[in-house]
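Notes follow once the structure below has been shown.
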Amino acid sequence: MGFGASRGGSISAVLISALAILLMGIFLTISFNIFKIVEEAQSEVQMEVFLEDDADYNKVEVSIARVNGVMDMFYVSKEQAEEEFRRAFKEDRGLLDVLDKNYFPASFRLKIDYGYRSSKGMAEIAKSISEIDGVEDVEYAKVWLERLERVAKILRTTGIITGVVFSVVAMVIIAGAIKLSIYARKKKIAIMMLVGASNSFIRSPFLIEGALIGIVGGLFACGAIYAIIFLVNKYTIIHPTSPPLEYMLALIGFSFLIGVISAQISVSSFLREDG
Amino acid sequence: MSDIVRFENVTKIYERGIVALRDASFAVSKGEMVFLTGPSGAGKTTIMRLIFAEIKPDYGRIFVAGEDITNIKRHQIPYLRRHIGVVFQDFRLLNDRTVAENLDIVLIILGFNARERKKRLLDILSRVGLAHRTNSYPRQLSGGEQQRVAIARALATDPMILLADEPTGNLDPDTSWDIMQNLRQINARGTTMIIATHNYEIVRKIEARVMHIVDGVLVGEKEFSESLKSALFEKR
């Protein structure tokens, strides 16, 4: 039944909720990029199992293969290990010449299942493998992995808090705008109630208004995020990727929900005190 | 049972203990026309508001069309109100909408389609003699015309009962008389009518039952009616 009466309130609500969604979206983008780095790092997570010199590597291989979480492995012989060292430290070739024999241990390099690429999963695997006969030592980037996980955890917590805070801000603003809109139509609502309009009949235009504020705010925010990513890519040395379209659609959907819920809260409180 | 409105020992107490209605019992029959008289603040409006469930009684029971509405559920109120038309002293029209749009809102609420709405609109407006003013805005109309629009709006739901709270309170005597004639015609077509007024001139001229209320108490209907009429005749 027309949205004209309090357009100013609705426009500022659109802008402020757009800002709230934008901040959420920026955070989402940053988190997305960091998570991507974390994920890439995790995909390279390896474990190296060093063997005792007299170990039967066939037997060890079979035992390792039985450990849960081991996806793939390949064998690095003593000779290959020395060769790798020589290649990696070309300048210090003299270093090896003083040695009377090859002290490099043979090893298995393991690829780990996705589900086990956490410090906990890795520790489990390492423990099982170190108990195998012929295994001298198990190594993986334990400290580094833990640090990575800590970053991811902080990011997730901050993300949730940011999301909640900005959602609440957006809801308060939209609810306020809807309230203005309701009060501007107070007389009309009173008349409609008098002639027998059901609550849902009175409610629906405001829910639509809330939904529109949410969707438009969400669209604005997504547009701004793409613009910011574009500008950052163009003018700075960091090159963030934009979150996939599904994320953006989810953000708009979320914004839409916030709009509807806020409107629902406003109308319900009005109908309760006035009904 | 032909009572369309029945109050059984109804008491309504507002905030701060103000008793607006005390132990009121009465019944209005189907098709009847009743005047509710009494000084302002006596409780006339309270009776109206109780009937269309804007407020609930503190004691007693209220029946409308045989249904007990004493503790009516919120979601049932709209359906009750579709059987009750209400007209106020201050018209309560939407001033930024035309006469047609003011009525159309009601018809939309009732769920009529565009063609039915158009047909009904003209029918209702001609019943109050305003078919020629469909596209005027309320402010372009005289007070009497505005009240006719309000009556038309109240009739749009095709109500069983029409409640009119001081319908002529803002109108000059001639216009008041026209409005009353209009209400009488509507009553003659079968709509039960309860009219709150302190315009005794009108009460005297129109043959209808009178319920008098003073300080929230209904005083003897017949006795009052007779004494009032004789008093007015003596004055002449």
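Chains as they are written, first to last, in numbering that gives the first Met the number 0: chain P, 0 to 274; chain D, 0 to 235. Each residue gets a CB set at the ideal place from its N, CA and C atoms; glycine is no exception. As the structure is a prediction and not an experimental result, all values here were calculated from the model.
Mark residue i as exposed unless 16 or more other C-beta atoms lie within 10 angstroms of its C-beta, in which case mark it buried.
i, result
"Ile-3 (chain D)", "buried"
"Val-13 (chain P)", "buried"
"Ser-24 (chain D)", "exposed"
"Lys-185 (chain P)", "exposed"
"Thr-167 (chain D)", "buried"
"Phe-73 (chain P)", "exposed"
"Ile-160 (chain P)", "exposed"
"Thr-157 (chain P)", "exposed"
"Gln-146 (chain D)", "buried"
"Ile-193 (chain D)", "buried"
"Gly-3 (chain P)", "Low confidence applies to Gly-3 (chain P): its pLDDT is 48, below 50, so where it sits in the model is not reliable, and the reading given next is rough at best. Exposed, because fewer than 16 other Cβ atoms sit within 10 Å of the Cβ of Gly-3 (chain P)."
"Leu-230 (chain P)", "exposed"
"Lys-118 (chain D)", "exposed"
"Val-69 (chain P)", "buried"
"His-211 (chain D)", "buried"
"Lys-234 (chain D)", "Residue confidence is low: Lys-234 (chain D) scores 49 on pLDDT, short of 50, so the model does not pin down where it sits. No coordinate-derived value is stated."
"Ser-199 (chain P)", "exposed"
"Gly-1 (chain P)", "Here the model assigns Gly-1 (chain P) a pLDDT of 45, short of 50, so the residue's position is not dependable and the matter cannot be decided."
"Tyr-78 (chain D)", "exposed"
"Tyr-102 (chain P)", "exposed"
"Arg-271 (chain P)", "exposed"
"Asp-164 (chain D)", "buried"
"Ser-106 (chain P)", "buried"
"Gly-208 (chain P)", "Note that residue 208 (chain P) is Glu in the sequence shown here, rather than Gly. Classification for Glu-208 (chain P): buried."
"Glu-144 (chain D)", "buried"
"Val-213 (chain D)", "exposed"
Mind pulling the chain P residues with CB within less than 7 Å of residue i?
i, result
"Thr-156 (chain D)", "Val-194 and Gly-195"
"Arg-80 (chain D)", "Leu-193, Val-194 and Gly-195"
"Asp-77 (chain D)", "In the sequence as displayed, the identity of residue 77 (chain D) is Pro instead of Asp. Per Cβ cutoff of 7 Å: Gly-195, Ala-196 and Ser-197."
Chain P partners of residue i, CB-CB under 9 Å?
i, result
"Arg-119 (chain D)", "Near Arg-119 (chain D) there are no residues of chain P at all, since even the closest Cβ is about 14 Å away, more than 9 Å."
From the beta carbon of residue i, is the nearest beta carbon of chain A less than 9 Å away?
i, result
"His-211 (chain D)", "The chain inventory of the structure shown lacks chain A, comprising the protein chains P and D."
Any heavy atom of the ligand FMN closer than 8 Å to the CB of residue i?
i, result
"Asp-103 (chain D)", "The ligand content of the structure shown is nil, which means the ligand FMN is not present either."
Please list the partners that residue i has in chain P, where partner means a Cβ-to-Cβ separation under 8 Å.
i, result
"His-74 (chain D)", "Ser-197 and Asn-198"
Provide the residue(s) that pair with residue i in DSSP beta bridges, ordered along the chain.
i, result
"His-211 (chain D)", "D:Thr-36 and D:Val-218"
"Met-247 (chain P)", "For Met-247 (chain P), which the question treats as bridged, DSSP gives no partner whatsoever."
"Ala-26 (chain D)", "D:Arg-5"
"Ala-176 (chain P)", "Answer by DSSP bridge pairing: none, since Ala-176 (chain P) is not bridged."
"Leu-20 (chain D)", "D:Lys-11"
"Val-63 (chain D)", "D:Val-4 and D:Glu-66"
"Asp-161 (chain D)", "In the sequence on display, residue 161 (chain D) carries Leu and not Asp. DSSP, once it has assigned bridges, lists D:Gly-84 and D:Met-192 as partnering Leu-161 (chain D)."
"Leu-50 (chain P)", "P:Val-134"
"Arg-108 (chain P)", "P:Glu-47 and P:Phe-73"
"Tyr-58 (chain D)", "D:Thr-10"
How would you list, in chain order, the residues of chain D whose beta-carbon sits under 9 Å from the beta-carbon of residue i?
i, result
"Ile-190 (chain P)", "Arg-91, Leu-92, Leu-93, Asn-101, Ile-104, Val-105 and Arg-152"
At 7 Å on the CB atoms, spell out the chain D contacts of residue i, in chain order.
i, result
"Lys-187 (chain P)", "Leu-93"
- Residues, ordered as in the chain, of the stretch 82-111 of chain D that lie near chain P by beta-carbon distance below 7 Å: The residues in question are Val-85, Arg-91, Leu-93, Ile-104, Val-105 and Ile-108.
- Message: When you compare the stretch 46-60 of chain P with the stretch 114-134 of chain P, are there three or more beta-carbon pairs, one atom per stretch, that lie closer than 8 Å?
- Response: With a cut-off of 8 Å, the stretch 114-134 of chain P and the stretch 46-60 of chain P count as touching, because enough Cβ pairs lie within range.
- Task: Assess, as a yes-or-no matter, whether the stretch 245-257 of chain P is touched by the stretch 207-217 of chain P under the definition of 3 or more beta carbon pairs within less than 8 Å.
- Result: The stretch 207-217 of chain P, when compared against the stretch 245-257 of chain P, does touch it at the 8 Å Cβ threshold.
- Query: Does the stretch 257-272 of chain P come close enough to the stretch 174-181 of chain D to have 3 or more Cβ pairs within less than 8 Å?
  - Reply: Flag = no, the stretch 257-272 of chain P and the stretch 174-181 of chain D do not touch.
- Message: Tell me whether the stretch 234-254 of chain P and the stretch 176-193 of chain P touch, counting them as touching only if at least three CB pairs, one residue from each stretch, are closer than 8 Å.
- Response: No, they do not touch.
- Task: Count the CB pairs spanning the stretch 93-109 of chain D and the stretch 120-135 of chain D that are closer than 8 Å, and state whether there are at least three.
- Result: With a cut-off of 8 Å, the stretch 120-135 of chain D and the stretch 93-109 of chain D count as touching, because enough Cβ pairs lie within range.
- If you measure beta-carbon to beta-carbon, which residues of the stretch 174-185 of chain P are closer than 7 Å to chain D? Taking 7 Å as the Cβ-Cβ cut-off against chain D, none of the residues of the stretch 174-185 of chain P qualify.
- Message: Measuring CB atoms only, is the stretch 88-97 of chain P touching the stretch 109-117 of chain P, in the sense that at least three cross pairs come out at less than 8 Å?
- Response: They do not touch, by the three-pair rule.
- Query: Taking one C-beta from the stretch 5-17 of chain D and one from the stretch 45-58 of chain D each time, how about it: are there three or more such pairs within less than 8 Å?
  - Reply: Because the criterion of three Cβ pairs below 8 Å is met, the stretch 5-17 of chain D and the stretch 45-58 of chain D touch.
- Cβ contact (3+ pairs, closer than 8 Å) linking the stretch 73-89 of chain D and the stretch 192-204 of chain P: For the pair of segments examined, the stretch 73-89 of chain D was found to touch the stretch 192-204 of chain P: the number of CB pairs separated by less than 8 Å reaches three.
- Taking one C-beta from the stretch 162-174 of chain P and one from the stretch 142-151 of chain P each time, how about it: are there three or more such pairs within less than 8 Å? No, the stretch 162-174 of chain P does not touch the stretch 142-151 of chain P.
- Inter-stretch contact (C-beta, 8 Å, three-pair minimum) for the stretch 242-250 of chain P and the stretch 216-228 of chain P: Taking 8 Å as the limit for Cβ pairs, the verdict is that the stretch 216-228 of chain P does touch the stretch 242-250 of chain P.
- Inter-stretch contact at 8 Å, needing at least 3 Cβ pairs: the stretch 35-47 of chain D / the stretch 61-74 of chain D: No, they do not touch.
- Query: Is the stretch 190-210 of chain D touching the stretch 158-165 of chain D in the sense that three or more CB pairs, one from each, lie closer than 8 Å?
  - Reply: The stretch 158-165 of chain D is in contact with the stretch 190-210 of chain D.
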